[in-house]
Structure formats: C-alpha cells, structure tokens
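Below you'll find the structure, written out as structure tokens, and then a few comments.
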C-alpha cells in the first residue's frame, strides 16, 4: 500500500466515516439475515408499540412497531438497503456522466465546452429538489426512477467542478509533453489527467452519496420515491407523522438513520478531501 | 558605528526531532551607506539572514545563538512592539516576487497610501505628494495615472519599482533585498539593480543584497559574503574577493559562470550539489570538502577556522594558497563554428502567427502579431540560440515548430517534410523528429509517475507500447547517459533535486533520439554549478546522440557558451541572426546591443 493511501486511512474522519458506511452497507447486504421480521409483515394486534426498553415494550420488536404493527427495526434495516442502493448507484451514475463531460470540456475546450457549459448553467438554475420532483412526476415511482432522477439532477455538480480541475491540470507542461511524445488524446486524458483529478473525483463521489440519501428520503417522504411496499426511511417518517404525539419513536428512528448515513458520507468525503488536498497538507506540516 | 552587525549568528531547525544548524556562526558588519552582497546557491542559507532580520523564520526554525544588532540594539531580544516600530520604517525589505508582494485587489495608490499612513504621515495630501515623489524617483513615468492602476495592469519590472519606491519611502537606515531581480527579465534586471543602487546612494542607506548571481553582486556591492551550507566561507571587499578568492567555493562559482569574453573558456564543473539539511547533520570537517577540487585528508578532520588574509578579508579554508590554482578543466568545446551544412534539418520560411483578441461589446476585435516573418534554418547537429526579452515571441515560435499551434502563414519544413499544417501525418513526422525540454521541471514531470516511467514515456505511446522489462532497460541506459544513478529509476519526481529533475526532463525528450530538441529556458532556474553541469551534459549528449537544438534563453553568456548560431527576437520579429561570435562582437540591431549591454560585466 502506498504511503498516501495508508496516511489517508489513518485520518480520524476517514476511519469513522468509512466505519459507519461499512456498517450501513453490511445492514443493507445482510438485511434478510439480521432483520427480526419481514418489513411488510403487519401485526394489527400490536400497533404503535414503544421500544423494547420502555415499560410497555415487547422483546419481539426491539424498536417497537408502527401504526400497522410493522417492526421498525426491520424496516430500518431494509430501508438502509434502499438508501445504500440509491446512494451508490445514483452517485456513480452522476459521477460517470458528469466527469466524462467535465474531462471532455476541460481538455478540448472550444465549442463543446461552450455548449455543455451553457447546458449546465441552465440546468443549475432550477432548484434541484423541484427539478427532481418534476422528473419523478414524469418518470413515475420506483427505485430505478429515483436513481434516474438523481443522476439527471446532479451530474452538473461533477461536470462543473471537474472541468475547472481539468483546465488547471491541462496547463501543466507534462500534459503537453505527453502529446509531443505521441500520446493520443484518449491516452493523455486517461493516463496523465485522470490520475490527477481522481482524488477530487473520489471526494465528490462520497459527498454526492450523502446528497443522494437526502434526495431519496425527500422523494419517498412526499410519496414520489420508491413504491409503497418497499421500505424507505423517508416513507417511514411520512407514516409516523400522524402519530407523532402517541409514539415519537416512530419518527425519531428513521430520522437518526438518515442523520447517521449523511454524516457518515460527509465525514468520509471531508476526510478524503483533507487527505488529498495538497494545500491543507502543507499547512498542517 | 555599524548599522547591522551579526556576531556568531546561529539559526537551528528542528527536523523530526533532530536539531540541524541552518546558519552557523555567521558574523559580519555593515557600515552606514555600504552594500553587502550575500552570495550563494540555493540551500546556502542566504535567505535565512534576511528572514532572521525580519523575524520571519519558518516554523521550527529559531535563532539559537549569537546576536544580530541593528544600531546597537539586539534584534533577537526586542519585544514585539519595538520590533514593529523598526521593521518597515528603519529597516525595510524589497521582496523577490513583486507581483505576489502587492495586493491584487487594491490600487497602487491605495497600497502606497496605507504604507505611508503606517509611517505616520497624517495629512492625506502630504501622503499623496510623497507617493508621487517616490514613484518618480523610482523612474516610473506618469505616477499620477499609476496610482489608479492595479498590480496586474503593470509589468513585473514596474511592480518591482513600486516596491522599491515603497521600501525607500520611510528613509530607512537598512534595506534588505532578497533576490529582487530573479523573477525579472535580464534587460529589466540591469535597470532595477541600477535603481536600487541609485536610491541607496540618495538615501545613504545600508543595503543587504541577497543573490545567487556572483556577477550581479560584483557589479553592485562594496563587500561580499559567500555562503556555503549555512556558513559564511569568505568575506571581504568585492575587489579583493573576486580578484583573489581565498575559498575554493568562491573560485568555483566564478569559473562555473559562462564567460562573455570573445575567446570563451571552459566551464568549471563543480561535482554534485550542496548537501541537504539532513546530510549536513551527519557531516564532519569542512562542509565543502566533498566537492572541493583541492581538498586533502586534513580538510575532513575538523571544520576549518576563519583565517584572515588582509584587513577585512577572511575565509574559512586551511589552504587558501592553492585556491587560485583551480582552473577549469579543458572540457568539451562549446560552440563549434562549423561550416554551414548543405541540407538543413529544419527550414522555416516566412512564418507568421497572429492572434485575434476577443471582441467586446464596444471594441472591435484586434489582431496581435506574435511572430512576424520568421525565416531561419537549423542544420543537423547544430545548436542555435534564440534570445530576446519575455514577450518577444520566443515561446510562440517554439509552439509553432512543435505543432502545438498552427501558424497563420508561412511554411515549416522538418526533415524534408512539409509540416506546416497540423495534420495527422505532420504529427507523426514531428513525434519522430522533434522533442521539447521544458523550462520548469516541477510542472514538466508528472508527479504521479516514477522516474523510469517518465523517461520512457515515449515507448508507451502509439499502438504497440513496449514491454515493462524493455522500458526499464531503456530507462537505466538513459539514466546512466544523464550521469544519474540507476537507483533513481523507482523514485518519484518530488524525491529528486532540481538539477536531477532537469536531467530527467532532458532524458524524456531523448528517449527515442529525436533529431531536434527545442529547449525553453532549461537552465534559467538552476544554480550556477548545476547549470554548468547541465550545459556540459548537453554538449556531451550531442556527441553521443547527434541532435540539433534550438536553445531558447535570455542568458546571453549561456547562449554564447553553447550555440554556434544565434537568432535575436524583438517584438515578434527575428531582427538579427548569424554566427554567435560575429553577432556578439559586432551587433547590428539596436536591440541586440541593448541585450548585450545588460549582461553584468566580467570582473
């Protein structure tokens, strides 16, 4: 392992962030094994149960049940599945689309850069939440549609940030040298420029995952996200809203889950940024 | 009474727990109105003197011994407030990078005004008058208009003049100038040095002039202190130090500078480079002994004491009598004025490059001619110098030759093929025949590739990249050609010294043995001893690889040493070309004469 990688892994933010992300990822992967109940299973005899540690709690439902008697813990675990799938697939998709366009624009410049640049300007002038809601109305509900909406809204972020980074790297003499030595444009971009922009790309990706979790929660909350039979944290909050005074736990658990997921990705992203950012590294020394 | 006096000044750096002396027992005296030149290559510790005066040592560095007295007050023991009262008033500074020393978002007038307000001038009109007076004293025309300008609207030379005006505005008793001309053009350099000397005389200021350029120091200074590895190795009146150097390092520095005299002479090659701080911690005996041509066993035993030779002239060498015996070895001949070969490798005819500036709402597009009517040829195996100030179109011409930009008109014939258009065929011809060595090795080497991968990068291009073993073999061969150890092959550029990086830069261009090298200011950022090594290396490599070179430089003495023919560029035009000796002996164009007169005279 190169010293840069091991130094990155030693930073506190990265360790905590990565640990939490891995924990959520394990929950998502092993959901059928670790969840005590089927997330859709209703127990109408035991609705709105408090968590197991309160006096009226039931050991069978560690975090209690919701208004239909579904196990909250199981729904949280299955909700992690939805959240992680959206976070990973949607942000990878947005990254691919945005960074390819960003590299092409920054490297070649000219008319392509102008056209894509203006498209990004127009795109970013819509408020992102409104844009994704409009898209969801058009696309319909479902996990794949949520992912599609996030990709279509957030590619601009990658495109704009990476374009400016590529512009800077392209100015370096070693990029000119590579061209003079006979590298094709493709070789120059993949072997000389991409390695330099990769740290930024990774950092943006982990921050984008946090955004994706929030957007998915918002869409599910307003009922435009995943289908009603799939468990999602946003949906759980929406359901619990009506019983906020009888059983606040119902509302708090999914909120904590979202907070943990978002801060995990943010910590990871921030840690990676600090580890990769040369300017900050020099200050610390 | 002396203005500045250092007694056994010692600065120590803490590096991973070990204390390393950066300055060791430096002593000197500077009288009022005198100029002290502090000379040495990078890593000699010369800037530390300026920083110690300004109390701006890098973190981890501290003054651990001796004293630094300004007019009898010990600067190291001053309180914060007392120091603030001295700095910027009684002691002022001229920085190295004029552009970064000025605030880019404030006008010159506002910055000057603030500076004068700090000095305690209450009335606004008075401040304005003083600023105008100082700016005209710095020979800046139209000072009224200048006050409303922003730093980016001025050239580097003008910014430096503004800073000089500000430095002298407080009638200081001491000015510290740290490499004030390094970032500037050669022609401007001479004017700036002249201006500093003139202001220094007018204000009767004592001046500490820190530079790596022995010739420049000789030109300006009353006394010279030569630094090596944190120690002052020789000190004395300029004339005495340069006519009879007592320390071998001074002598070697003198001989490593290419001469401007017509017959020329071989460069003295000082082996290796100044030891790094880490290496210093482990050394014993004379720090210069490993590189010294006249060192004996005795030199390695203990650090040589300071020995006085004449009044006020001393050196830290135990055998000063042999110093003058050092002469440059008869090295490879530099410029060979060979016969003009029949077929030229590169032929440029009637070449033009025009840029169109962007159209604004009210302004129509204007045309700028970067290169006009360039016409020249380069023969096989010939080194041709291209000289001119910055902005004269040298780099644009190089870009046209390399096909990085298409010319607006004219013809470029490379190795018998027309490569004027930047077509795919022209590109293939270029890849095989012409390569470039870049100015700044920091930016020219991909920091994420290892040395072996960088030097053999040419073998990675194309449809059939070479196998790893083959590349490593070639890399080792190239490294040994460059006089570098094969151990470097697996290092990253950040782990190399400046001189090593520049060699790697050359090695990469030579990987597939091109017929022409275009070298853009390749020695300008290097220390003289490293520069001499690289120049010698280029001449040796020419014998081995048989390539021609277009050597772009603003340093005429280097061009004279290396090239048999010179092109002089001025405002986009080649105003003069011909054999080096003829042009340097009898310059025809006024600009060539101006360039030649800007070179500091030989001592």
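Residue numbers (our numbering), protein chains in the order written: chain A, 1 to 285; chain B, 1001 to 1603. Beta carbons are placed, not taken as given, at the ideal position from N, Cα and C, and that holds for glycine. In this text the structure is predicted, and so the values were computed from the model without any measurement.
In this structure, B:1225 is the residue among B:1015, B:1225, B:1129 with its C-alpha nearest to the C-alpha of residue 1036 of chain B. Secondary structure note for residue 1344 of chain B: its beta strand (DSSP E) is the uninterrupted segment 1344-1356. Contact residues of the stretch 165-182 of chain A toward chain B are 172, 173, 174, 176, 177, 178, 180, 181, 182 (C-beta to C-beta distance below 7 Å). Proximity to residue 1433 of chain B across B:1369, B:1413, B:1527, B:1442 peaks at B:1413, based on C-alpha coordinates. Residue range 1061-1070 is occupied by the beta strand (DSSP E) that includes residue 1062 of chain B.
In this structure residue 127 of chain A is not in contact with residue 249 of chain A, their Cβ atoms being roughly 33 Å apart against a cut-off of 8 Å.
Between the alpha carbons of residue 1302 of chain B and residue 1063 of chain B lies a gap of roughly 24 Å. Following the DSSP letters along the chain, one finds residue 211 of chain A inside the alpha helix (DSSP H) bounded by residues 194-221. Beyond the five residues adjoining it in sequence on each side, residue 1097 of chain B comes within less than 7 Å, by CB distance, of 1183 in the same chain, given in chain order. A Cβ of chain B is located within less than 8 Å of the beta carbon of residue 196 of chain A. Residues are counted here when their Cβ sits less than 8 Å from a Cβ of chain B; for the stretch 187-212 of chain A these are 187, 191, 192, 195, 196, given in chain order. With 16 or more other CB atoms across the displayed protein chains lying within 10 angstroms of its CB, residue 1240 of chain B is buried. Residue 1176 of chain B: member of the beta strand (DSSP E) spanning 1174-1178, first to last residue. Going by beta carbons, residue 1437 of chain B and residue 1519 of chain B fall inside the 8 Å limit.
Counting every other CB atom within 10 Å of its CB across the protein chains shown gives residue 245 of chain A a total below 16, marking it as exposed. Assigned with DSSP and collapsed to three states, residue 1533 of chain B falls in helix.
Counting along the chain, the unbroken beta strand (DSSP E) around residue 1224 of chain B starts and ends at 1223-1228. Contact with chain A is absent for residue 1567 of chain B, since none of that chain's Cβ atoms lies less than 8 Å from the residue's Cβ. In the three-state reduction of the DSSP assignment, residue 1314 of chain B falls in the strand class. Nearest in C-alpha terms to residue 1204 of chain B, of all of B:1194, B:1171, B:1236, B:1216, is B:1171. Fewer than three pairs of CB atoms, one per stretch, sit closer than 8 Å, so the stretch 80-100 of chain A makes no contact with the stretch 179-188 of chain A. Within the stretch 1490-1518 of chain B, complete alpha helix (DSSP H) segments of at least 4 residues are found at 1498-1510, given in chain order. In the three-state reduction of the DSSP assignment, residue 1249 of chain B falls in the helix class, which pools H, G and I.
The three-state reading of DSSP puts residue 1375 of chain B in strand, counting E and B together. Judged by DSSP in its simplified three-state form, residue 1390 of chain B adopts coil rather than helix or strand. Among the CB atoms of chain A, one or more fall inside 8 Å of the CB of residue 1436 of chain B. By the C-beta criterion, the stretch 161-178 of chain A is judged not to be in contact with the stretch 1417-1425 of chain B, since fewer than 3 inter-stretch pairs fall below 8 Å. Taking the beta carbon of residue 1457 of chain B as reference, the chain A residues within 7 Å of it are 178, 181, listed in sequence order. Under the DSSP definition of a beta bridge, residue 1237 of chain B partners with B:1223. Taken residue by residue, none of the stretch 1074-1108 of chain B has a beta-carbon sitting less than 7 Å from a beta-carbon on chain A. Residue state for residue 71 of chain A is assigned as strand, using DSSP reduced to three classes.
Under the 8 Å criterion on CB atoms, residue 1508 of chain B is classed as interfacial with respect to chain A. Using a Cβ-Cβ cut-off of 8 Å, residue 1461 of chain B counts as an interface residue toward chain A, since at least one Cβ of chain A sits closer than that to its own. Counting along the chain, the unbroken alpha helix (DSSP H) around residue 236 of chain A starts and ends at 233-240.
Of B:1450, B:1577, B:1470, the smallest CA-CA separation from residue 1374 of chain B is found for B:1577.
The beta carbon of residue 1300 of chain B is closer than 6 Å to those of 1285, 1289 in its chain, skipping five residues each way along the sequence.
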